[in-house]
Amino acid sequence: MLEVIGLSKKYGKFLAVDQVSFQVPDGTVGILLGPNGAGKSTVIKSIAGLLKYKGEIRIQGIGSKELEARRIFAYVPEMPSMYESLTVREHMEFIRRAYNVDTSEEELEALMGRFELLDKQDKLGNELSKGMMQKVSICCALLIKPQVILLDEPMVGLDPAAIKELKQVVLEMKAQGVTVLISTHMLEMVKELWDVTFVMNQGHILGSYTREQVGNEDLEELFFQVTGTGSGPGDPRQGGQ
Amino acid sequence: MYALFYLYRRSFRNRMRTVLKKPITYFYLVILLFYVTAVPYSFRAMFREWHMDSPEGMTAVFTLFSFWIIPGNLIAYARRKGLIYRHSDIHFLFPAPVGPKLILLYAHARNLIMTVLLNLILAVLCIYIFRVDGWRMTLYFLFSLGVENLLEAGIMILMYGSERMDDRSRGLVVKAAYALIGVFVLLGVLAYLRNGLSFDTVLAYLNSDYVQMVPLVGWYIAVLHLLFLGPSPVNVVCSILYFLLVAAVTTASVRMRCTGEYFEDAEKFADDYEEVLASRRQGRADVRLGKKRKLSKASVAYHGRGAAAIFYRQLLEYKKNRFFIFDMNTLVSLGAGIGIAWLYRSEGGFGSFNDFIVPAAMAYLIFIFSAYKGKWGKEMLSPYTFLIPDNPFRKLIFATAMQHIQALVNGVIFVLPPALVMRMPLSTTVLSVLGYVMLSACKLYILTVTEVAVGDVLGNVGKQFFQLLVQGLVILAAVFAAVLGFMLGGINPAYGLMILILAGAVAILVTISTLCFYRMETVK
Numbered sequence: 012m013l014e015v016i017g018l019s020k021k022y023g024k025f026l027a028v029d030q031v032s033f034q035v036p037d038g039t040v041g042i043l044l045g046p047n048g049a050g051k052s053t054v055i056k057s058i059a060g061l062l063k064y065k066g067e068i069r070i071q072g073i074g075s076k077e078l079e080a081r082r083i084f085a086y087v088p089e090m091p092s093m094y095e096s097l098t099v100r101e102h103m104e105f106i107r108r109a110y111n112v113d114t115s116e117e118e119l120e121a122l123m124g125r126f127e128l129l130d131k132q133d134k135l136g137n138e139l140s141k142g143m144m145q146k147v148s149i150c151c152a153l154l155i156k157p158q159v160i161l162l163d164e165p166m167v168g169l170d171p172a173a174i175k176e177l178k179q180v181v182l183e184m185k186a187q188g189v190t191v192l193i194s195t196h197m198l199e200m201v202k203e204l205w206d207v208t209f210v211m212n213q214g215h216i217l218g219s220y221t222r223e224q225v226g227n228e229d230l231e232e233l234f235f236q237v238t239g240t241g242s243g244p245g246d247p248r249q250g251g252q
Numbered sequence: 013m014y015a016l017f018y019l020y021r022r023s024f025r026n027r028m029r030t031v032l033k034k035p036i037t038y039f040y041l042v043i044l045l046f047y048v049t050a051v052p053y054s055f056r057a058m059f060r061e062w063h064m065d066s067p068e069g070m071t072a073v074f075t076l077f078s079f080w081i082i083p084g085n086l087i088a089y090a091r092r093k094g095l096i097y098r099h100s101d102i103h104f105l106f107p108a109p110v111g112p113k114l115i116l117l118y119a120h121a122r123n124l125i126m127t128v129l130l131n132l133i134l135a136v137l138c139i140y141i142f143r144v145d146g147w148r149m150t151l152y153f154l155f156s157l158g159v160e161n162l163l164e165a166g167i168m169i170l171m172y173g174s175e176r177m178d179d180r181s182r183g184l185v186v187k188a189a190y191a192l193i194g195v196f197v198l199l200g201v202l203a204y205l206r207n208g209l210s211f212d213t214v215l216a217y218l219n220s221d222y223v224q225m226v227p228l229v230g231w232y233i234a235v236l237h238l239l240f241l242g243p244s245p246v247n248v249v250c251s252i253l254y255f256l257l258v259a260a261v262t263t264a265s266v267r268m269r270c271t272g273e274y275f276e277d278a279e280k281f282a283d284d285y286e287e288v289l290a291s292r293r294q295g296r297a298d299v300r301l302g303k304k305r306k307l308s309k310a311s312v313a314y315h316g317r318g319a320a321a322i323f324y325r326q327l328l329e330y331k332k333n334r335f336f337i338f339d340m341n342t343l344v345s346l347g348a349g350i351g352i353a354w355l356y357r358s359e360g361g362f363g364s365f366n367d368f369i370v371p372a373a374m375a376y377l378i379f380i381f382s383a384y385k386g387k388w389g390k391e392m393l394s395p396y397t398f399l400i401p402d403n404p405f406r407k408l409i410f411a412t413a414m415q416h417i418q419a420l421v422n423g424v425i426f427v428l429p430p431a432l433v434m435r436m437p438l439s440t441t442v443l444s445v446l447g448y449v450m451l452s453a454c455k456l457y458i459l460t461v462t463e464v465a466v467g468d469v470l471g472n473v474g475k476q477f478f479q480l481l482v483q484g485l486v487i488l489a490a491v492f493a494a495v496l497g498f499m500l501g502g503i504n505p506a507y508g509l510m511i512l513i514l515a516g517a518v519a520i521l522v523t524i525s526t527l528c529f530y531r532m533e534t535v536k
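Residue numbers (our numbering), protein chains in the order written: chain A, 12 to 252; chain B, 13 to 536.
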């Protein structure tokens with residue numbers, strides 16, 4: 012389970028995120044939605060431990076800054092950045108050692124095979140395209156066998172086959188009881204994945220909605236209604252769950 | 013820990029493999045070898061002339077360096093700016109279950125191999141230049157490797173990793189570091205007032221007991237005195253204080269809690285660093301680490317149509333720059349010009365090399381020292397350059413015109429000091445400046461031809477080979493023309509013929525560039 016409790020973050024005098032609280036239970040796929048500048052990236056970077064913040068973030072009940080929490084937490088950033096002097100295979104090996112995970116060669120090869128990286132495993136980080144980097148980033152995150160995974164715009168740069176594979180992987184993780192939080196603008200891509208959606212704007216969570224609550228309503232329409240932006244009809248909804 | 017070791021080992025090994033595959037590496041190695049063998053001789057002669065070729069002289073030089081290096085590191089760590097992380101570290105390392113203190117040590121250790129290598133070269137040089145005993149230098153090398161690094165790592169963890177220090181406390185540490193420098197300046201001023209200014213009084217000041225009593229920096233200097241000059245009551249006591257400080261800092265850094273709050277500042281610094289790297293790759297020298305570029309408001313009146321817009325856009329960008337078209341190359345040109353003038357005066361001329369020193373230094377500066385592509389490098393990466401509806405020749409000329417103007421300014425700055433001191437005739441001065449502009453143009457268009465003609469075919473290694481080959485051919489032809497001209501009638505015909513050959517080379521290169529540019533637009 013991922014718990015964000017009273018998260019606030021200031022950049023100088025600017026309050027980017029104000030008292031944000033939400034939780035994503037085990038085996039649930041959460042979607043973080045919001046227009047540009049809503050504060051999503053700040054929330055995501057705080058969860059990943061890359062920012063100083065006020066409030067509390069727990070991963071499976073453990074404070075997110077504890078090493079035990081990091082051991083079971085995986086993060087796929089929006090912009091993948093590879094080590095220029097490490098090959099794809101060496102990235103995997105580094106992650107395997109850093110997280111002390113017991114992954115067999117067969118599992119590793121199967122993972123790379125799923126994302127069509129087997130023939131790229133000896134390529135250096137600076138020889139990869141953006142899409143390839145994203146695939147390596149995803150594979151490294153999956154290699155950890157995380158209990159909580161955070162994916163920031165994971166589909167950007169991926170080819171259709173990889174997007175399909177990633178969706179399948181998300182569903183498999185969900186079935187295994189993994190907590191998944193995805194931040195994305197590509198609503199069409201996650202429509203069959205999500206269980207709960209958090210809509211953010213101007214540093215606040217405007218509402219959280221479960222699939223049961225929303226029923227057949229389109230995620231895009233919901234977004235426009237809640238944020239009061241775009242072409243969606245109706246009044247902005249204030250809070251769901 | 014093992015993961016970091018793996019990362020360090022593999023990155024180093026792969027980087028070395030990549031570097032050794034590049035022919036330019038061997039070219040730079042030859043230059044480095046030249047410096048490493050030539051510098052000790054000249055340094056030894058220089059220090060002997062100053063009566064500093066002794067352990068006392070070396071201790072004084074080390075003392076002078078530590079006045080700034082130690083407080084400088086302290087300031088950088090207190091501002092959380094001294095360690096370099098890449099975006100890849102933020103992606104893979106920061107969220108990993110690796111202790112934040114270890115991540116700090118990893119960043120520190122990344123430069124360790126290079127530091128050890130440099131220290132080793134320094135130790136050998138010092139034995140040769142300052143006639144220091146081998147065993148003392150070995151002891152210093154081990155001290156530097158072990159104790160000095162331990163203290164620096166401890167200070168780094170305490171300053172960079174501290175989560176209890178707020179911005180105000182960090183500011184105080186910075187002020188304290190400046191105060192340390194202030195103390196040394198004050199002691200220097202007092203020594204000057206008491207003993208006057210001479211080489212001996214400066215040496216006496218640098219080796220004085222007062223300097224060794226200043227905490228941290230002075231205590232370190234005391235250890236150097238103990239190692240190289242033998243024990244004295246002051247250096248023994250201050251050395252003990254230094255080792256106590258090392259023990260205290262190490263213990264405190266081990267015990268301090270650090271959960272990784274510094275990641276945020278490290279990420280900001282990484283962003284700055286990546287921006288600087290990206291700008292260097294584009295051939296820009298104006299972006300400096302940790303210094304946000306301040307752009308002022310400016311306007312420009314566009315004249316002409318089509319590709320002329322590139323020239324005016326560049327002019328607008330330069331007008332927004334703080335130093336307009338003046339950059340690091342301008343400073344280097346000025347330094348080199350003044351250096352030649354100073355050497356001419358101090359040495360009483362260069363003998364039979366008098367006429368050749370300016371063109372030789374010019375060629376060295378342009379072809380070897382300056383590696384930046386300037387704005388042109390950026391233009392070639394921009395799709396707008398290709399999309400502008402104009403012919404490739406006009407695009408090439410307008411996109412590079414500003415760099416020729418820069419070369420003209422830098423040429424004047426470079427040539428004027430030696431011209432004045434050496435009483436060069438006006439005609440030779442003008443021809444020298446023209447020579448500078450032509451050589452710069454050659455370099456620029458060789459880079460262009462390399463990029464557009466063979467860039468994709470040969471890859472990076474091939475590109476460097478090609479570039480070196482063309483540069484070598486052009487220089488060879490220019491030198492041949494200059495020698496021929498000199499034999500025919502002296503320096504002016506030498507310059508005249510050299511410029512003629514370079515102009516011919518520029519014309520050929522521009523034609524090839526235009527054709528290749530057209531190919532890039534239409535085929536690629």
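Every residue, glycine too, gets a C-beta built ideally from N, C-alpha and C.
Note that the structure is predicted; figures quoted are calculated from it, not measured.
Can you tell me whether residue i is helix, strand or coil according to DSSP?
i: A:Leu-62; result: coil
i: B:His-315; result: coil
i: A:Met-211; result: strand
i: A:Arg-69; result: strand
i: A:Gln-249; result: Model confidence at A:Gln-249 stands at a pLDDT of 42, short of 50, so the residue's coordinates are unreliable and nothing is read from them.
i: A:Thr-98; result: strand
i: A:Pro-244; result: Because the pLDDT of A:Pro-244 is 41, which lies under 50, any placement of that residue in the model is unreliable, and the number read from its coordinates should be weighed accordingly. If DSSP states are grouped into helix, strand and coil, A:Pro-244 belongs with coil.
i: B:Ile-36; result: helix
Can you tell me which of the options puts its alpha carbon nearest to the alpha carbon of residue i?
i: B:Asn-247; options: B:Phe-240, B:Ala-234, B:Leu-241; result: B:Ala-234
i: A:Ser-194; options: A:Met-103, A:Phe-235, A:Pro-165, A:Glu-95; result: A:Pro-165
i: A:Val-189; options: A:Glu-67, A:Phe-25, A:Phe-84, A:Lys-24; result: A:Phe-84
i: B:Leu-509; options: B:Gly-484, B:Leu-521, B:Leu-443; result: B:Leu-443
i: A:Glu-228; options: A:Trp-205, A:Arg-82, A:Met-123; result: A:Trp-205
i: B:Val-229; options: B:Val-518, B:Pro-83, B:His-103; result: B:Pro-83
i: A:Ala-173; options: A:Lys-141, A:Ile-42, A:Val-159; result: A:Lys-141
i: B:Arg-317; options: B:Val-249, B:Asn-403, B:Pro-395, B:Val-266; result: B:Asn-403
i: B:Gly-474; options: B:Thr-462, B:Ala-519, B:Leu-130, B:Leu-485; result: B:Thr-462
i: B:Leu-114; options: B:Tyr-14, B:Ile-337, B:Leu-527; result: B:Tyr-14
i: A:Pro-88; options: A:Ala-152, A:Asp-130, A:Asp-113; result: A:Ala-152
Assuming residue i is part of the alpha helix (DSSP H), what are its boundary residues?
i: B:Ile-252; result: 245-267
i: B:Val-464; result: Neither: B:Val-464 is in no alpha helix (DSSP H) and is coded neither H nor E.
i: B:Ile-133; result: 124-142
i: B:Val-195; result: 179-207
i: B:His-120; result: 112-121
In chain A, which residues lie less than 7 Å from residue i when you measure between Cβ atoms?
i: B:Ser-394; result: Simply none; closest approach about 19 Å.
i: B:Gly-474; result: None at all; the shortest Cβ gap to chain A is about 16 Å.
i: B:Arg-27; result: Ser-96
What is the residue span of the beta strand (DSSP E) that residue i lies within?
i: A:Ser-32; result: 25-35
i: A:Asp-163; result: 159-163
i: A:Gly-17; result: 13-22
i: A:Leu-44; result: 40-44
i: A:Val-87; result: 84-87
i: A:Ile-193; result: 190-194
Taking residue i as the query, report the chain A residues whose CB atoms sit under 9 Å from its CB, ordered along the chain.
i: B:Tyr-18; result: Glu-101, Glu-104, Phe-105, Arg-108, Ala-109
i: B:Arg-22; result: Tyr-94, Ser-96, Leu-97, Thr-98, Glu-101, Glu-104, Phe-105
i: B:Glu-279; result: Lys-56, Leu-61, Leu-62
Going along chain B, which residues have a C-beta under 8 Å from residue i?
i: A:Lys-76; result: Thr-271, Gly-272
i: A:Arg-69; result: Those within 8 Å of A:Arg-69 in chain B number zero; the least Cβ separation is about 14 Å.
Going along chain B, which residues have a C-beta under 7 Å from residue i?
i: A:Cys-150; result: Within 7 Å Cβ-Cβ: nothing; A:Cys-150 doesn't reach chain B, min ~12 Å.
i: A:Arg-222; result: None at all; the shortest Cβ gap to chain B is about 29 Å.
i: A:Lys-63; result: Glu-273, Glu-276
i: A:Pro-88; result: His-103
*Does the segment 73-82 of chain A touch the segment 93-108 of chain A, meaning 3 or more C-beta pairs lie closer than 8 Å?*
The segment 93-108 of chain A is not in contact with the segment 73-82 of chain A.
*How do the segment 30-50 of chain A and the segment 62-75 of chain B stand: do at least 3 beta-carbon pairs fall below 8 Å, yes or no?*
Taking a cut-off of 8 Å for Cβ pairs, the segment 30-50 of chain A and the segment 62-75 of chain B do not touch, as fewer than three such pairs fall below it.
*Using 8 Å as the Cβ pair cut-off and three pairs as the minimum, do the segment 218-228 of chain B and the segment 194-209 of chain B touch?*
The count of Cβ pairs closer than 8 Å, one atom from the segment 218-228 of chain B and one from the segment 194-209 of chain B, reaches three, so the stretches are in contact.
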